[in-house]
Structures are given as structure tokens and as C-alpha cells.
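Enquirer: Take a look at the following structure, please.
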Amino acid sequence: LPLLFWGKWWLPSPMWNLNRYDAVVLISRLPPPVEYFSLTTFALWSPQRGFCFSSLGDSVNNLNIKHTVNGGLFAHVATANAHTL
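Just add 7 to wherever you are in the sequence shown, counting from 1, and you've got the numbering used here.
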């Protein structure tokens, strides 16, 4: 993961630069029963700091997430290119 300086610590950054054929894949289990959870992918475009910040599509949440029946496994994929998926 890229590192982000926060105060006096270097922390893993939740931001990546994706090239044309790159993908970020999260494979996980559903959380314990909760009232609500969601995953949202965002885009940040910053040519000379006149940046644009936006969500990419709809959020995936506990009402619409596709997962396995046994174990609640799911995959969340973010790509820079529809053909990569």
C-alpha cells in the first residue's frame, strides 16, 4: 500500500493510482449482523490541485451485496477499465 503521512506517523493510504489494466480487489466476509454497512469507490482527479472528487456508481450495502450462502464471502472490485474486470 502507498503510505500517507498523518501527524507524526506514516499510515497505509486508502488511495491508489490505477493504470489502464490495474484493479483493486477486496475479498472478505460479511461483518457480524449490523443495521447497515456499505462500500463505495471514489475517484480523485487532481491536475495541478484543481481536483475533482466523486463516487463511482452506487454503493454496495447490506441490502444489495452478492455473497456466498455459507460464510458470507464477497469480492469488491475497483478497476480503471471495464475490460480489466
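All C-beta atoms, glycine included, are put in the ideal place defined by N, C-alpha and C.
(1) To the nearest angstrom, how far is it from the Cα of residue 14 to the Cα of residue 22?
(2) Which same chain residues, not among the five before or five after residue 87, have their C-beta less than 7 Å away from its C-beta?
(3) If you compare alpha carbons, which of 18, 72 and 59 is closest to residue 43?
(4) Under three-state DSSP, which class holds residue 19?
(5) Taking just the CA atoms, how far does residue 64 sit from residue 35?
(6) With a CB to CB cut of under 8 Å and the five nearest residues on each side skipped, what residues in its chain are close to residue 69?
Expert: Looking at the coordinates:
(1) 18 Å
(2) 25, 26, 27 and 29
(3) 72
(4) strand
(5) 21 Å
(6) 37, 41, 43, 44 and 45
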